[in-house]
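J.: Below is the structure I would like to discuss, written out as structure tokens.
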Amino acid sequence: MQTNSELELALNFIEKTDRNLFITGKAGTGKTTFLHQIKKESLKRIVIVAPTGVAAINAKGVTIHSFFQMPFGPILPNQIANTSNAQRKFSKTKIDIIKSLDLVIIDEISMVRADLLDGIDQVMRRYKNRNKVFGGAQILMIGDLQQLAPVVKPNEWSLLQQHYHTVYFFSSKAYQEANVVSIELKHIYRQKNEDFIKILNEIRTNTLSEESAKILNKNYNPTFSPTKEDGYITLTTHNNRANLMNSSELNKLKTKSRFFDAEISGKFNENSFPNDEKLELKLGAQVMFIKNDSSQEKRYFNGKIGIVTDISKDAVTVKCPNDTDEIVTERETWSNINYSINDETKAIKEELIGAFTQIPLRLAWAITIHKSQGLTFEKAIIDAEASFAHGQTYVALSRCTSLDGLVLKTPITSNAIINDRTVSVFNETVEENHPDERILNASEIQFQLNLISELLDYQQFLYPITRLIDIYYKNQTSIKGDVIEHLQTIKDDGVAALMRVSNGFKNQLTIIAEDGILPENSSVIQERFIKAVDYFLSETIKNSVQPFSKISFSSDNKTVKSDFTKQYDNFQELLNEKVFALKKMTDGFKVQQYLKVRANAVLQKTEPTKKTTLATKRDPILALKLRELRDDISKNLAIPHFQIFTQVTLYAICDALPRSEKELLKIEGLGKTRVSNYGAQILEAIETYCSKNGINKFNEQKKEDKKPTKQISFELFKSGLSVKEVAKERSLTSGTISSHLASYIPSGDVDILELVDIKKYKKIIKAIEETEFKTLTELKEKVDKSFSFMELRMVLLSMEN
1 MQTNSELELA LNFIEKTDRN LFITGKAGTG KTTFLHQIKK ESLKRIVIVA PTGVAAINAK
61 GVTIHSFFQM PFGPILPNQI ANTSNAQRKF SKTKIDIIKS LDLVIIDEIS MVRADLLDGI
121 DQVMRRYKNR NKVFGGAQIL MIGDLQQLAP VVKPNEWSLL QQHYHTVYFF SSKAYQEANV
181 VSIELKHIYR QKNEDFIKIL NEIRTNTLSE ESAKILNKNY NPTFSPTKED GYITLTTHNN
241 RANLMNSSEL NKLKTKSRFF DAEISGKFNE NSFPNDEKLE LKLGAQVMFI KNDSSQEKRY
301 FNGKIGIVTD ISKDAVTVKC PNDTDEIVTE RETWSNINYS INDETKAIKE ELIGAFTQIP
361 LRLAWAITIH KSQGLTFEKA IIDAEASFAH GQTYVALSRC TSLDGLVLKT PITSNAIIND
421 RTVSVFNETV EENHPDERIL NASEIQFQLN LISELLDYQQ FLYPITRLID IYYKNQTSIK
481 GDVIEHLQTI KDDGVAALMR VSNGFKNQLT IIAEDGILPE NSSVIQERFI KAVDYFLSET
541 IKNSVQPFSK ISFSSDNKTV KSDFTKQYDN FQELLNEKVF ALKKMTDGFK VQQYLKVRAN
601 AVLQKTEPTK KTTLATKRDP ILALKLRELR DDISKNLAIP HFQIFTQVTL YAICDALPRS
661 EKELLKIEGL GKTRVSNYGA QILEAIETYC SKNGINKFNE QKKEDKKPTK QISFELFKSG
721 LSVKEVAKER SLTSGTISSH LASYIPSGDV DILELVDIKK YKKIIKAIEE TEFKTLTELK
781 EKVDKSFSFM ELRMVLLSME N
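Its first residue numbered 1, the sequence shown is counted upward by one per residue in the UniProt record's numbering.
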């Protein structure tokens, strides 16, 4: 991509500062390419989110709702922060990712409502830093407010308008607090004709002049009917119009319909399907490529139009105007990803959770303006008569590369241009407040000062330690142990004292910071930093770590114990992170080193307190079925699990296999009331299990009927557990479970993509095809070292079916 000053400035703000950014630009200015460049080159820990499934797939990220686990519908201020069960919904991995994030990229920000952006802020504060907007993470918002707008129903707006001036993201409370830098990308890559660019800009700002309208409407031709070879696509406002045109044109063709079924594996939401699940094509059909060519040849791009000239079982041949060669098009794969953390490198990695494989073609006599977002057409017929939303006419016209390939079915008048005045006013402020190199340099210096201050900041400790003291004094009679003296020492001599010193040091840094010199390059600041780290580390250990280790407590009140334990664990986690980071920064301050240390501090694996492991000698399938039964009863009666039966009791049931109420009463933890309430259901579950496994009334299992160990692993895996979860359930290694599951690959009972990442799978297939070998060991020695024996074995097995 050709570089320009705005792009360079934006990239520098991302890499060198912590400023929150709004990157905008007219259609065709390279916003999507910019996003992918950051993803490829940035050293920061990043996640990419988007407001819709299709936008997320295109941005190679995830939806806002899935990553931040947002409710659908209006999100009111503090709604998420005050939801008591939100903590249970987030996995440990998700929390670790959020806590260790440097940068969150939000694509298609124009479609994000104000309440949704505030919802993101609430989640980030909850799990990262409650005292900072977006939890202290940097936010990059990319989009064009003159294009697609947020969707809000009247009943939703009646609730939201009590809290927001407009529905747009810039009306959110988080945005107002975020001190956002706005940069507009101005170089247009899509259009070259200056007259056309001028017209588009006037439509964008609702200032279409008579002269421009006259030039534009020279392309008005209501009777225009393109030939098959012309390659025109009609852009229309409503889905039913586009579908009707495509169906009508397809039916005119006398050739036979051919169908391609999509291959869908793993998790892939139907609303996010990038193409038809059952794609109908015919010879002579006008089609559009809906994905960039993943091969080295780069024969086609998203939006390229052509005619189908041949159809085989696995490929479609397309002839495009002005192309010498025809394009043989095979299936492409769209990935649905989730974010996880690499166990070895601790990097945030993309984990394939689903794949959609289909021929990357769509019927293209017509398309909705909404679906044309991001596409480029050389020849297009615009039917904007029924424009119904803000920016729709602009989106349609800006898909075209020039006036030459543009045909208007209806003339463009001011009636077809719907712009929101609120957006126009906001965009004017963006243009007026464009940052320059001076602001960039000042922001870079401030970023480094902020990082130093963050390392020596103890404000986050104040909330959990204050809550612990508060819980103790309100429940003195029910909390036993050596508690309050140590808590008071930590608060007064540890947290409060270091907060005072930290604030003073922060003020000193601002004074001694030299103009134009980065703190990491300043010998004065480095000297002060090393001394400060040494002081804060020793004081933290003496006045926080040591007294904290002496605290012992217990309580018969389960609610009090739970509240106290929660804050106790929160404080311990913060303390571990702080000590870890301070110890790693004793030699001086460097930005990249600190960012890595900060993430590792969150992700460090502390040795957990050893607990007695509960286990059962029986088949874990029974334990799984009893847990499912307990879950159902818990949901139906709205009571906690332990009131039905505890984990200890569950395993006792598995081991004893009681077959009557009398035998049930002998199980520890199952009294008369529980047996009366749930006994029949428990016995039914046991009876079903025993019957299936040939176990008689005396709890003896016939040897010949004993279930193979690999079958147990297979059944647990198919019940929804991951390989790691099955291994944990069975007290076996993940390698053993993978070996069990591998035996089910040739039969097709286990899909190879459930066990091997699709990218790695393709690489292994290629390596196998290019390598001569006689044994698996020989193959392992010749291919990439990153391929494990098990992965190679599983891929070889998949090639047998």
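All C-beta atoms in this analysis are idealised placements derived from N, C-alpha and C, irrespective of residue type, glycine included.
Note that the coordinates shown come from a computational prediction; the quantities given were computed from them, not determined experimentally.
Please classify Lys583 as buried or exposed, where buried requires at least 16 neighbouring CB atoms within 10 angstroms.
T.: Lys583 is exposed by the Cβ-count criterion.
J.: Across which residues does DSSP place Arg258 in a beta bridge pair?
T.: The partner list for Arg258 (beta bridge, DSSP) reads Leu281.
J.: Per DSSP, what are the beta-bridge partners of Gln286 in this structure?
T.: DSSP, once it has assigned bridges, lists Ile307 as partnering Gln286.
J.: Under three-state DSSP, which class holds Phe22?
T.: Of the three classes helix, strand and coil, the one that applies to Phe22 here is strand, per DSSP.
J.: Can you give me the C-alpha to C-alpha distance between His434 and Ile23, rounded to a whole angstrom?
T.: If you take the alpha carbons of His434 and Ile23, they lie about 11 Å apart.
J.: What residue range is occupied by the uninterrupted beta strand (DSSP E) comprising Glu351?
T.: First-last of the beta strand (DSSP E) with Glu351: Ile348 to Gln358.
J.: Note down, one range per segment and in chain order, each beta strand (DSSP E) of at least 3 residues found wholly within the stretch 129 to 161.
T.: Segments of the beta strand (DSSP E) lying fully in the stretch 129 to 161: 138 to 142.
J.: Do you know how far the Cα of Asp404 is from the Cα of Gly53?
T.: Cα to Cα, the separation comes out at about 34 Å.
J.: Roughly how many whole angstroms lie between the Cα atoms of Lys491 and Lys550?
T.: Using only the alpha carbons, I get a separation of about 15 Å.
J.: Quick one: what's got a C-beta closer than 8 Å to Arg674's C-beta in the same chain, skipping five residues either side?
T.: Excluding positions up to five away in sequence, the list reads Ile644 and Phe645.
J.: Can you tell me the Cα-Cα spacing of Phe289 and Lys304, whole angstroms?
T.: Going from the Cα of Phe289 to the Cα of Lys304 covers about 5 Å.
J.: Which value, in whole angstroms, describes the spacing of the CA atoms of Ile98 and Lys128?
T.: Roughly 6 Å separates the two Cα atoms.
J.: Residues in the same chain with beta-carbon distance under 6 Å from Thr609, minus the five sequence neighbours each way, listed in chain order, please.
T.: Low confidence applies here, because Thr609 scores a pLDDT of 38, under 50, leaving its location unreliable; read the following figure in that light. Cβ neighbours of Thr609 beyond the five flanking positions: none.
J.: Am I right that residue 806 and Ile109 are in contact with their C-beta atoms under 8 Å? What's the rounded C-beta distance?
T.: Only positions 1 to 801 of the chain appear in the structure, and residue 806 is not among them; the question remains open.
J.: Under 8 Å Cβ to Cβ from Asp115, same chain only, skipping five residues before and after it: list those, please.
T.: Contacts found: Pro74, Ile75, Leu76, Leu160, His163, Tyr164 and Ser172.
J.: Going by the beta-carbon positions, is the gap between Thr333 and Thr357 smaller than 7 Å?
T.: Yes; because the gap between Cβ atoms is below 7 Å, this pair is in contact.
J.: Please determine, among Gln526, Ala315, Asn246 and Ile327, the residue with the shortest C-alpha to C-alpha distance to Glu297.
T.: When only C-alpha atoms are compared, the closest one is Ile327.
J.: When the Cα of Phe536 is compared with those of Leu363, Thr422, Tyr678 and Asp493, which residue comes out closest?
T.: Cα-wise, what sits closest to Phe536 is Asp493.
J.: Less than 6 Å between C-beta atoms, sequence neighbours within five positions excluded: which residues of the same chain meet that for Ser552?
T.: Hits under 6 Å: Gly481 and Asp482.
J.: Let me know the alpha helix (DSSP H) ranges lying completely inside the stretch 621 to 669, each 4 residues or longer, listed in chain order.
T.: 647 to 656 and 661 to 664, all fully within the stretch 621 to 669.
J.: With DSSP run on the structure shown, which of helix, strand or coil describes Glu607?
T.: In this prediction, Glu607 has a pLDDT of 46, which is less than 50 and means its spatial position is unreliable; what the coordinates show is noted afterwards. Reduced to three states, the DSSP call for Glu607 is coil.
J.: Please go through the same chain and pick out, in chain order, the residues whose beta-carbon is closer than 8 Å to the beta-carbon of Ala355, but skip the five residues on each side of it.
T.: So the qualifying residues of the chain are Glu263, Ile264, Ser265, Gly266, Phe268, Thr333, Trp334, Ser335, Asn336, Leu753 and Ile758.
J.: Does the distance from the C-beta atom of residue 815 to that of Ala366 stay below 7 Å?
T.: Here the chain comprises residues numbered 1 to 801, so residue 815 is not present and cannot be evaluated.
J.: Do you know whose CA, among Gln122, Lys313, Gly28 and Arg45, lies nearest Asp18's CA?
T.: With distances taken between Cα atoms, Asp18 lies closest to Arg45.
J.: Express the C-alpha separation of Ile359 and Asn275 in angstroms, rounding to a whole number.
T.: One C-alpha to the other measures close to 8 Å.
J.: Pair every Cβ in the stretch 592 to 605 with every Cβ in the stretch 497 to 509, then say whether three or more of these pairs are closer than 8 Å.
T.: In short, these stretches do not touch, since the Cβ pair count stays below three.
J.: Please classify Asn677: does DSSP put it in a helix, a strand, or coil?
T.: Residue state, collapsed to three classes: helix.
J.: Do Asn20 and Ala178 have their C-beta atoms closer together than 7 Å?
T.: Cβ atoms of Asn20 and Ala178: closer than 7 Å.
J.: Going by DSSP, what residue range makes up the alpha helix (DSSP H) through Ala50?
T.: That residue, Ala50, is in no alpha helix (DSSP H); its beta strand (DSSP E) goes Ile46 to Ala50.
J.: Mind checking whether Met794 and Leu755 have CB atoms under 7 Å apart?
T.: Contact: yes.
J.: Give me the Cα-Cα distance between Asn784 and Lys762, rounded to the nearest whole angstrom.
T.: Correcting the residue type first, residue 784 is Asp in the shown sequence and not Asn. In a straight line, the C-alpha of Asp784 is about 13 Å away from that of Lys762.
J.: Assign Gln373 to one of two classes, buried (16 or more other C-beta atoms within 10 Å of its C-beta) or exposed (fewer than that).
T.: Looking at its Cβ environment, which holds 16 or more other Cβ atoms inside 10 Å, Gln373 is buried.
J.: How many angstroms separate the CA atom of Val723 from the CA atom of Thr709?
T.: Using only the alpha carbons, I get a separation of about 14 Å.
J.: Could you tell me the boundaries of the beta strand (DSSP E) in which Lys319 lies?
T.: Unbroken beta strand (DSSP E) run through Lys319: Ala315 to Lys319.
J.: Give me the Cα-Cα distance between Ser538 and Lys578, rounded to the nearest whole angstrom.
T.: Straight-line Cα distance between these residues: approximately 12 Å.
J.: With distances taken Cα to Cα, identify the nearest neighbour of Lys561 among Ile479, Thr93 and Arg500.
T.: Checked all of Ile479, Thr93 and Arg500; the closest Cα to Lys561 is Ile479.
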